[in-house]
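Asks: Under our numbering, the first residue of the sequence shown is numbered 1, with each subsequent residue one higher.
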Amino acid sequence: MISIREVAHEAGVSVTTVSYVLNNKGNISEETRQKVLEVVERLGYVPRIGAQSLRDNRARIIGYPWNFGPSPGEVNAILEEFLHYTMFYAEQRGRHLLLVRAPSEEGLAVYDDLIKSQRVDGVILSHTMQDDFRMHHLHKLKFPFVAFGQSNSSLDKETCWVDVDGMSGIRLATQHLIEQGHRRIGLIRQPTDSVSGNARYRGYVAALADYGVPYNPELVVIAEHRVSDGYLAARSLIDLPVRPTGIVAMSDTIALGAIQALRETGHWVALTGFDDIPLGEFLTPSLTSVRQPIQEVAALLVDMLIRQIDDESFVPQQHLLLPSLVIRASSLGDFGQ
């Protein structure tokens with residue numbers, strides 16, 4: 001097992017400096033902090049949590065409330081990847097991650113219980129909504145939290161969040177189809193109350209405008225984040241009198257349903273997804289998709305939350321990360337455009 005002394009030796013600093021970095025104490029330069037964290041990650045050092053908890057009277061646990069939704073069996077590879085890296089970076093800093101079921105119908109009760117019971121020192125939010133009520137509540141209580149996603153409200157400048165530029169991602173995917181010769185491009189979008197969904201929708205509209213392709217509302221259909229919804233949405237596009245030659249799906253989960261619909265009808269069209277789940281590479285055809293930098297998202301969220309917990313004067317930070325387009329067979333070839 002790697003010791004704190006080995007970390008200090010490898011980083012060329014004192015044991016005290018390593019301890020200060022892991023506990024956000026002392027006047028440590030950003031360069032030194034990053035060097036120590038890099039060594040911690042490379043060596044796989046895990047601090048002893050029990051002794052630290054007794055010493056600073058903290059739970060040393062980060063909460064992650066999650067609404068599993070009506071179909072818990074649906075594939076959610078992005079959540080699995082996000083949880084993997086969040087746990088990894090939390091444990092590097094001497095914390096554990098507590099996954100808490102948070103049904104939407106229970107509102108703020110789950111969050112209030114976590115705070116009153118002192119089971120967690122802070123929480124990570126995801127699937128943020130327009131003017132998110134959870135963010136307003138936690139901010140009012142001055143309880144440490146970070147969010148994966150923006151809420152498009154006044155709070156965005158006062159709270160810590162990390163987001164992936166969904167507008168840029170869908171813009172890339174749509175531009176790619178246009179550059180392949182497609183002009184009649186369908187969009188399977190998320191519901192209009194989704195902040196990320198609205199940003200991605202704007203990317204689709206912007207890409208059409210970039211290339212002078214007319215916007216056609218009949219080519220835009222709404223689907224929940226479920227395979228079955230992706231299937232139904234794709235069928236509705238395929239059944240149009242003049243069907244699209246390309247479809248942009250706002251998630252790989254939706255794209256999986258679309259693939260099944262295309263197979264059943266025998267009318268294959270160019271298709272792109274969003275998330276670049278591992279399964280996508282092994283589909284037939286392999287799925288072109290927008291890749292999110294999930295590891296970087298998790299690292300930033302954990303770091304900001306711990307710094308917020310340990311330092312009441314910590315100034316909120318916001319990070320908007322760029323995605324990339326991974327081009328595979330599903331969007332290439334002659335699809336009748």
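Idealized CB from N, CA, C, for every residue including glycine. Only a predicted model underlies this, so the values are computations on that prediction, with no experimental measurement involved.
Kindly list the residues whose CB is nearer than 7 angstroms to the CB of Gln150, restricted to its own chain and excluding five residues on each side of it in sequence; keep chain order.
Replies: As a first step, residue 150 is located in the sequence shown; it is residue number 150 there, counting from the start. Result list for Gln150: Thr128, Asp156, Trp161, Asp163 and Val195, in chain order.
Asks: Run through DSSP, which three-state label would His267 get?
Replies: Residue 267 sits at position 267 when you count from the first residue of the sequence shown. The answer is coil: DSSP assigns His267 none of H, G, I, E or B.
Asks: At what residue ranges does the segment 144-227 contain a whole run of the beta strand (DSSP E), taking only runs of 3 or more?
Replies: Counting only runs of at least 3 residues, the segment 144-227 fully encloses the following beta strand (DSSP E) elements, listed from N- to C-terminal order: 145-148, 160-164, 185-189 and 220-222.
Asks: Could you name the residues of the same chain whose beta carbon sits closer than 7 angstroms to that of Gly257, not counting the 5 residues immediately before and after it, in chain order?
Replies: In the sequence shown, the residue the question calls residue 257 occupies position 257. Answer for Gly257: Val227, Ser228, Asp229, Gly230, Tyr231 and Ala234, listed in chain order.
Asks: Just tell me which of Met87, Gly266 and Val100 has its CA closest to the CA of Pro65.
Replies: As a position in the sequence shown, residue 65 is number 65, starting the count at 1. Minimum Cα distance to Pro65 is reached at Val100.
Asks: Could you tell me the alpha carbon to alpha carbon distance between Tyr111 and Arg60, rounded to whole angstroms?
Replies: As a working note, residue 111 is residue 111 in the sequence shown. As a working note, residue 60 is residue 60 in the sequence shown. Approximately 17 angstroms between the Cα atoms of the pair.
Asks: Rounded to a whole number of angstroms, what is the C-alpha to C-alpha distance between Ser153 and Ile4?
Replies: In the sequence shown, residue 153 corresponds to position 153, counting from 1. In the sequence shown, residue 4 corresponds to position 4, counting from 1. Spanning the two alpha carbons is a distance of roughly 42 angstroms.
Asks: Tell me whether the beta-carbon of Ile306 lies closer than 8 angstroms to the beta-carbon of Arg95.
Replies: On the sequence shown, residue 306 is found 306 positions in, with the first residue counted as 1. On the sequence shown, residue 95 is found 95 positions in, with the first residue counted as 1. Against a cut-off of 8 angstroms, the Cβ pair of Arg95 and Ile306 comes out as a contact.
Asks: Give me the Cα-Cα distance between Thr17 and Glu312, rounded to the nearest whole angstrom.
Replies: Reading the sequence shown from its first residue, position 17 is the one you call residue 17. Reading the sequence shown from its first residue, position 312 is the one you call residue 312. Rounded to the nearest angstrom, the two C-alpha atoms are 21 angstroms apart.
Asks: Measuring alpha carbon to alpha carbon, tell me which of Ser168, Pro214 and His182 ends up nearest Tyr201.
Replies: Taking the first residue of the sequence shown as 1, we reach residue 201 at position 201. Nearest option by C-alpha distance: Ser168.
Asks: Can you find at least 3 beta carbon pairs, one from the segment 172-190 and one from the segment 241-248, that sit closer than 8 angstroms?
Replies: Enough Cβ pairs lie closer than 8 angstroms, so yes.
Asks: In or out: Ser29 buried (at least 16 other Cβ within 10 Å) or exposed?
Replies: Within the sequence shown, numbered from 1, the residue matching residue 29 stands at position 29. The residue is exposed, with fewer than 16 neighbouring Cβ atoms inside 10 Å.
Asks: Could you check whether the Cβ of Gln34 sits closer than 7 angstroms to any heavy atom belonging to the ligand MG?
Replies: Here there are no bound small molecules, and the ligand MG is not part of this structure.
Asks: What does a CB cutoff of less than 7 angstroms around Pro103 pick up in its chain, not counting 5 residues either side in sequence?
Replies: Here residue 103 corresponds to residue number 103 of the sequence shown, with the count starting at 1. Excluding positions up to five away in sequence, the list reads Asn67.
Asks: Taking contact to mean 3 or more Cβ pairs, one atom from each stretch, closer than 8 angstroms, check whether the segment 298-305 and the segment 76-89 are in contact.
Replies: Segment contact: the segment 298-305 against the segment 76-89, three or more CB-CB distances shorter than 8 angstroms; contact assigned.
Asks: Helix, strand or coil for Ala8? Go by DSSP, reduced to three states.
Replies: Locating residue 8 in the sequence shown gives position 8, counting from the first residue. Ala8 falls in the helix class under three-state DSSP.
Asks: Note the first and the last residue of the continuous beta strand (DSSP E) segment covering His96.
Replies: Taking the sequence shown and counting its residues from 1, the one referred to as residue 96 is at position 96. His96 to Arg101 is the extent of the beta strand (DSSP E) around His96.
Asks: What are the boundary residues of the beta strand (DSSP E) that Ile306 is part of?
Replies: In the sequence shown, the residue the question calls residue 306 occupies position 306. First-last for Ile306: Ile294 to Asp310, but that is the alpha helix (DSSP H), not the beta strand (DSSP E).
Asks: What are the boundary residues of the alpha helix (DSSP H) that Tyr85 is part of?
Replies: Sequence index remark: in the sequence shown, residue 85 carries index 85 (1-based). DSSP places Tyr85 inside the alpha helix (DSSP H), whose first and last residues are Ala77 to Gln92.
Asks: Within 10 angstroms of the Cβ of Arg171, are there 16 or more other Cβ atoms? Answer buried if so, exposed if not.
Replies: Here the question's residue 171 lines up with position 171 in the sequence shown. It counts as buried.
Asks: Do you know offhand how far Leu271's Cα is from Ile294's?
Replies: Taking the first residue of the sequence shown as position 1, residue 271 is located at position 271. Taking the first residue of the sequence shown as position 1, residue 294 is located at position 294. Straight-line Cα distance between these residues: approximately 23 angstroms.
Asks: Could you please give the first and the last residue of the uninterrupted alpha helix (DSSP H) stretch that includes Ile115?
Replies: Looking up residue 115 in the sequence shown gives position 115. Its alpha helix (DSSP H) spans residues Ala109 to Ser117.
Asks: For Pro191, which of Ala209, Ile259, Val220 and Thr159 has the nearest alpha-carbon?
Replies: Sequence index remark: in the sequence shown, residue 191 carries index 191 (1-based). Pro191 has its Cα closest to that of Val220, out of Ala209, Ile259, Val220 and Thr159.
Asks: For my contact list, Ile115 and Phe148 are in at a C-beta cut-off of 8 angstroms; report their separation, rounded to the angstrom.
Replies: In the sequence shown, residue 115 corresponds to position 115, counting from 1. In the sequence shown, residue 148 corresponds to position 148, counting from 1. With 8 angstroms as the limit, Ile115 and Phe148 do not qualify as a contact, their Cβ atoms being about 20 angstroms apart.
Asks: Whole-angstrom Cβ separation of Ala11 and Val39, contact assumed at under 8 angstroms?
Replies: Taking the first residue of the sequence shown as position 1, residue 11 is located at position 11. Taking the first residue of the sequence shown as position 1, residue 39 is located at position 39. So it is a contact: roughly 4 angstroms between Cβ atoms.
Asks: Using a Cβ-Cβ cutoff of less than 7 angstroms, which residues in the same chain neighbour Asp210 once the five nearest sequence positions on both sides are dropped?
Replies: Within the sequence shown, the letter at position 210 stands for residue 210. So the list reads Gln175, once near-sequence residues are dropped.
Asks: With DSSP run on the structure shown, which of helix, strand or coil describes Met129?
Replies: The residue given as residue 129 occupies position 129 in the sequence shown. Residue state, collapsed to three classes: strand.
Asks: Starting from Gln317, trace the beta strand (DSSP E) both ways and give me its first and last residue.
Replies: Position 317 of the sequence shown, counting from 1, holds the residue named residue 317. Counting along the chain, Gln317 falls outside any beta strand (DSSP E), and DSSP gives it neither H nor E.
Asks: Tyr45 lies in the beta strand (DSSP E); which residues open and close that run?
Replies: Looking up residue 45 in the sequence shown gives position 45. Taken as a continuous stretch (DSSP letters only), Tyr45 belongs to no beta strand (DSSP E), as it is neither H nor E.
Asks: Taking DSSP as the reference, what is the three-state secondary structure of Asp275?
Replies: Looking up residue 275 in the sequence shown gives position 275. It is a strand residue.
Asks: Go ahead and pull the three-state DSSP assignment for Ile247.
Replies: To locate residue 247, count along the sequence shown from 1; it is residue 247. In the three-state reduction of the DSSP assignment, Ile247 falls in the strand class, which pools E and B.
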